[in-house]
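A quick write-up on the structure given underneath.
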Amino acid sequence: MKWLVLLAAALPAMAAPPIAGGGTLNMAIQGEPRSLDPHVAAEEPSELVAFLTHGVLIRVNRATQQPEAELAESWKASADGRTLTLTLRKGVRFSNGALLGAADVCYSLNRILDPALDAPNGDSLRGAAGKVGCVASGATVTLRFEKPLAAAERWMDGIAILASGSGAPEKAVLGPFTVESWQPGSHLILRKNPHYWRRDEAGRQLPYLDSIRLEIQRNRDIEVMRFERGELDLITNLAPDIFERLKAVKGGRALEVGASLDAEQLWFNQAPGAPIPEFKRAWFRSRQFRAAISQSIRRDDMVRIVYKGHATPAAGLVSPANLAWVNSAVKNVPPDPKAALALLRTDGFQLAGQVLRDRSGNAVEFTIITNAGNKSRERMASLIQQDLSAIGIKLRVVSLDFPSLIERITRSLDYEACLLGLIGADLDPNGQMNVWLSSAANHQWNPNQKSPATPWEAEIDQLMIQQASASSMAARKRAWDRVQAIVAEQAPFIYLIHPNTLVAVSSTVGGVRPVVMRPHLLWNAERLFINSRQAVTQSK
Amino acid sequence: MRHTVSLGRMVRSVCLFALALVYAAALGAGVLAPHPPTIQFREQIAAPPSAGFPLGTDELGRDRLSRLLHGCRVSLALAPAAAAFAVALGALLGGVAALSRGWIRAALSASSDLTLALPWFFLLVSLRAVLPMDLDPAASLAITFFLLGALGWAGPSKVIQAGVVQALQSDHVLAARARGAGFGRILMSHVAPALLPVASGQFVSMVPVFLIAEANLGLLGLGVSESTASLGNLLKELEPAAAFGPAFVLNSWWLLGAPLLLLIVTACLFCLSTKEVNS
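Top line first, the protein sequences correspond to chains A and B. Per the numbering used here, the first sequence starts with residue 988, numbered consecutively. Per the numbering used here, the second sequence starts with residue 944, numbered consecutively.
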């Protein structure tokens, strides 16, 4: 929050609206969109294009993190969480000029919920709400859920509204831009939607920009060079060393937004079927062992050395950037090797000379895998290696190419510990059901359990179901707070740091309000503008 | 001509002496290195050269000189071993191909063509992924070089096959046959000595290839684990040069000066030795 305030003070010029709109914004994306169908978008480039081109009934404001009316001018959720009634905004038109009707909403909802489409948001909604009925009546749409659905309005943020008779989803859109052209491997051009419904405070039609050019550029070094040459206007997710360099450039506008919603974490493989020695599985299942590892790691060194100060030590599973849901009672674990050793002794571990041994005399050593080529993770692993050697643990670090790593952590389960990052795209705890339920495939330390392996996992299961069906925000928060406390105590995931959101903005772009939620710089794309005076100066 | 030969010999002597110095430094890493190569001095991150750290420290605060010496030991010991293995395998299979007829020769020829066409990098990445996780870093490195050697036999095999065929058709072998010399004797006394310079040349030219291959794998984070010092891992520090440009080079000359220079010089020393052997 502090960072947001600082940024708001630092960017008065950027917030000034343009006298005349127009211009093209240039930006790079790190991969090819897999599809222009917003319902099947599952990776960042597709999600970005979907965000810029499609409209939703209710949008979570990326700055306030609160739901706001968009295509629906109002909504009402029933007390039992089984009904959501939405009233559509009048006179909204698709990019092809057709009027938005309640039938389009039901069409879109039924489409995304169709199991044959395999839409990620649709699958999650079906899992949480069971069968969903949609009734269209004039400008009113009523959604009925088989099971009580907490914060039903937030689910609407992930359901793009499509025209029922348009055929291809990209032909008729409700977002500020339309896809004008897509040159695979090169770029996409998004053109201003002439029928976009939103206007600014002065009554001017949005968006201000004529177009956005998204260059497909996988090499981040080239992206930075092109930004420095003025060929690109915005960069997100900067590495700390690049950020430091851009910050030092005179007139540079490298901005630090604060802790992101993402986390770097490590975990031990506790799966019963994993091909690891039984005595090691026993270590990994020991709460004292996991807590001692967590207590031995110097997160402040990771922040200082690996992230050059541009990260925040992680206390728990929710980033402090998630203002509504973080449990502020969960505190950071201060590094304390002596306390860690004392904790290990309570579970039969003993330090003999420089080597930690378990109660059977086995030397404590294990291998941690991480993805090759990720410099930050490899460095973090090296720091952990030295931290653990202080309590007599020998750590081997193995870097694997990403497909091999995913194969090991999801299918063969042939690994001991893993260091990886988690993208925090969803603020709401419902977005993490597929991690915290013991039956979930992404319950990484022991996935797909038929029944909870431990009492604390059973309690988490119960709390997650409870929060997903509770209608009051306070009840949901209480349940989610308890989950965070259990995770901090049991340490199935050892959270290390939250990287800070680092971005850079060309001085020619106005209206930018960087936020920690994705898309960090384009969430208010309809209000971005090219500062024509500066752009002319630069072109001269 | 005499001047050319004596100059060549002098160059070779200098190269061998310089190589010996490099190897001596690498082998004496345990004594010469001021610090253990993996110890992090966390208050001395990316420090410039000083009395305590003659080549400065890296981004985790590890002494660069110590890592360079230990990294050399690993890379300079294993690259020649891999080259020797590749040449021995190539000599065996090339020799068999030259002496055989019919499907054996065709099969060996097809195998060497296939090996030359293989995308060895992807093969190495895939093979590394199936190795046991609890493998010691030194063993992992040795296996990486073994695989490099095992994949490098095809080139020497082709050259040696051609050498054997040429030697068998030479006048002195015909003369030996006419005198009634047996096949074994011809091989040992006439063919093998003729192949020795060819095999030596192949060996010496493959060492820098394997040194650079390990550096390539290291640059991509797929060689040995980050904490183990090897030339490949040390060269990883140069990655930012692509993005940071000349300023990075000027501000960080001590980064570039050590591992890159050593790799280039060592590769050149091996290549110059090769020239002399071939001549």
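No residue lacks a Cβ here, since even glycine has one placed at the ideal position from N, Cα and C.
Chain-ordered neighbours of residue i on chain B, where CB pairs are closer than 8 Å
{"i": "A/Arg-1286", "result": "Ordered by position in chain B, no residue passes the 8 Å Cβ test against A/Arg-1286, which lies about 13 Å from the chain."}
{"i": "A/Asp-1401", "result": "Met-1076"}
{"i": "A/Thr-1354", "result": "Met-1076, Asp-1077"}
Exposure label - residue i; buried when at least 16 CB within 10 Å
{"i": "A/Pro-1390", "result": "exposed"}
{"i": "A/Pro-999", "result": "Residue placement at A/Pro-999 cannot be trusted, given a pLDDT of 40 that sits under 50; the coordinates are not used to answer."}
{"i": "A/Glu-1365", "result": "buried"}
{"i": "B/Phe-1213", "result": "buried"}
{"i": "B/Ser-956", "result": "exposed"}
{"i": "A/Gly-1172", "result": "exposed"}
{"i": "B/Lys-1179", "result": "buried"}
{"i": "A/Thr-1397", "result": "exposed"}
{"i": "A/Gly-1084", "result": "exposed"}
{"i": "B/Gln-1112", "result": "exposed"}
{"i": "A/Pro-1264", "result": "exposed"}
{"i": "B/Ala-1118", "result": "exposed"}
{"i": "A/Asp-1024", "result": "buried"}
{"i": "A/Pro-1501", "result": "buried"}
{"i": "B/Ile-1047", "result": "exposed"}
{"i": "A/Asp-1220", "result": "buried"}
{"i": "B/Ala-963", "result": "exposed"}
{"i": "B/His-924", "result": "The structure shown does not extend to residue 924 of chain B, since chain B is modelled only from 944 through 1222, so no value can be given for it."}
Beta-carbon spacing of residue i, residue j below 9 Å
{"i": "B/Ser-1009", "j": "B/Ala-1172", "result": "yes"}
{"i": "A/Ile-1222", "j": "A/Val-1490", "result": "yes"}
{"i": "B/Leu-1160", "j": "A/Ser-1369", "result": "no"}
{"i": "A/Leu-1035", "j": "A/Leu-1509", "result": "yes"}
{"i": "A/Leu-1136", "j": "A/Ser-1456", "result": "yes"}
{"i": "B/Ala-1024", "j": "B/Phe-1088", "result": "yes"}
{"i": "A/Val-1384", "j": "A/Gln-1373", "result": "no"}
{"i": "B/Ala-990", "j": "B/Thr-981", "result": "no"}
{"i": "A/Leu-1177", "j": "A/Ser-1198", "result": "yes"}
{"i": "B/Leu-1035", "j": "B/Ser-1043", "result": "no"}
{"i": "A/Asp-1144", "j": "A/Val-1043", "result": "yes"}
{"i": "B/Leu-1224", "j": "B/Pro-1202", "result": "Residue 1224 of chain B falls outside the range modelled here, since chain B spans only 944 to 1222, and no answer is possible."}
{"i": "A/Ala-1147", "j": "A/Leu-1161", "result": "yes"}
{"i": "A/Lys-1063", "j": "B/Glu-1182", "result": "no"}
Interface partners of residue i on chain A, CB under 7 Å
{"i": "B/Ile-988", "result": "Ile-1292"}
{"i": "B/Pro-979", "result": "In chain order: nothing, as chain A lies at least about 11 Å away."}
{"i": "B/Val-1068", "result": "Asp-1388"}
CB-CB length for residue i against residue j, believed under 8 Å
{"i": "A/Ser-1306", "j": "A/Gly-1411", "result": "6 Å"}
{"i": "A/Arg-1080", "j": "A/Leu-1087", "result": "7 Å"}
{"i": "B/Leu-1061", "j": "B/Leu-1094", "result": "7 Å"}
{"i": "A/Ser-1399", "j": "A/Thr-1357", "result": "Not a contact, Cβ separation roughly 17 Å."}
{"i": "B/Ala-969", "j": "B/Arg-1016", "result": "4 Å"}
{"i": "A/Pro-1227", "j": "A/His-1182", "result": "42 Å between Cβ atoms; not a contact."}
Chain A residues whose Cβ lies nearer than 9 Å to that of residue i
{"i": "B/Arg-985", "result": "Arg-1285, Asp-1288, Arg-1291, Ile-1292, Leu-1370, Gln-1373"}
{"i": "B/Leu-1003", "result": "Ile-1292, Val-1293, Arg-1366, Ser-1369, Leu-1370, Gln-1373"}
{"i": "B/Val-1039", "result": "Those within 9 Å of B/Val-1039 in chain A number zero; the least Cβ separation is about 36 Å."}
Contact set between residue i and chain B, taken where Cβ atoms lie within less than 7 Å
{"i": "A/Thr-1223", "result": "Neighbours of A/Thr-1223 on chain B: none; closest Cβ ~17 Å, over 7 Å."}
{"i": "A/Arg-1021", "result": "Those within 7 Å of A/Arg-1021 in chain B number zero; the least Cβ separation is about 23 Å."}
{"i": "A/Ile-1280", "result": "Near A/Ile-1280 there are no residues of chain B at all, since even the closest Cβ is about 18 Å away, more than 7 Å."}
Contacts of residue i in chain A (Cβ-Cβ under 8 Å)
{"i": "B/Pro-1080", "result": "Arg-1383"}
Partners in chain B for residue i, counting only beta-carbon separations shorter than 9 Å
{"i": "A/Asp-1345", "result": "Neighbours of A/Asp-1345 on chain B: none; closest Cβ ~16 Å, over 9 Å."}
{"i": "A/Thr-1488", "result": "Within chain B, no residue comes near A/Thr-1488; the closest Cβ sits about 20 Å away, beyond 9 Å."}
Any non-hydrogen atom of the ligand SAH within 8 Å of residue i CB
{"i": "A/Lys-1077", "result": "Absence of the ligand SAH from the depicted structure is noted, as is the absence of any ligand whatsoever, leaving it without description."}
Below-9 Å beta-carbon distance, residue i vs any chain D residue
{"i": "B/Glu-1157", "result": "You won't find chain D in this structure, because its protein chains are A and B."}
Practice task
Count the C-beta pairs between the stretch 1396-1415 of chain A and the stretch 1255-1264 of chain A that are closer than 8 Å, then say yes if the count reaches three, no if not.
Solution key: With three or more CB-CB distances shorter than 8 Å, the stretch 1396-1415 of chain A counts as touching the stretch 1255-1264 of chain A.
Practice task
Specify whether the stretch 1108-1122 of chain A and the stretch 1409-1427 of chain A touch according to this definition: at least 3 beta carbon pairs, one from each stretch, less than 8 Å apart.
Solution key: With three or more CB-CB distances shorter than 8 Å, the stretch 1108-1122 of chain A counts as touching the stretch 1409-1427 of chain A.
Practice task
Say whether the stretch 1448-1460 of chain A touches the stretch 1325-1344 of chain A, bearing in mind that this needs 3 or more beta-carbon pairs closer than 8 Å, one atom from each stretch.
Solution key: Touching, no.
Exercise for the section: Kindly confirm or deny that the stretch 1014-1031 of chain B and the stretch 1139-1159 of chain B touch, where touching means at least three C-beta pairs closer than 8 Å. Expected result: Yes: the two stretches touch, three or more of their Cβ pairs being nearer than 8 Å.
Practice task
Evaluate the contact criterion for the stretch 1046-1057 of chain A versus the stretch 1120-1131 of chain A: three or more CB pairs, one atom per stretch, below 8 Å.
Solution key: The stretch 1120-1131 of chain A and the stretch 1046-1057 of chain A do not touch, with fewer than three beta-carbon pairs separated by less than 8 Å.
Practice task
State whether the stretch 1260-1280 of chain A contacts the stretch 1301-1315 of chain A, with contact taken as three or more CB pairs (one from each stretch) at a distance under 8 Å.
Solution key: At 8 Å Cβ cutoff, the stretches do not touch.
Practice task
Evaluate contact between the stretch 1283-1298 of chain A and the stretch 1463-1480 of chain A, counting only Cβ atoms and requiring at least three cross-stretch pairs below 8 Å.
Solution key: Counting C-beta pairs closer than 8 Å gives fewer than three between the stretch 1283-1298 of chain A and the stretch 1463-1480 of chain A, which falls short of the contact rule.
Handout entry: Inter-stretch contact (C-beta, 8 Å, three-pair minimum) for the stretch 1119-1133 of chain B and the stretch 1072-1083 of chain B
Key = No: the two stretches stay apart, fewer than three of their Cβ pairs being nearer than 8 Å.
Practice task
Assess, as a yes-or-no matter, whether the stretch 1060-1079 of chain A is touched by the stretch 1229-1249 of chain A under the definition of 3 or more beta carbon pairs within less than 8 Å.
Solution key: Two segments are said to touch when three or more pairs of C-beta atoms, one from each, lie closer than 8 Å; by this definition the stretch 1229-1249 of chain A does not touch the stretch 1060-1079 of chain A.
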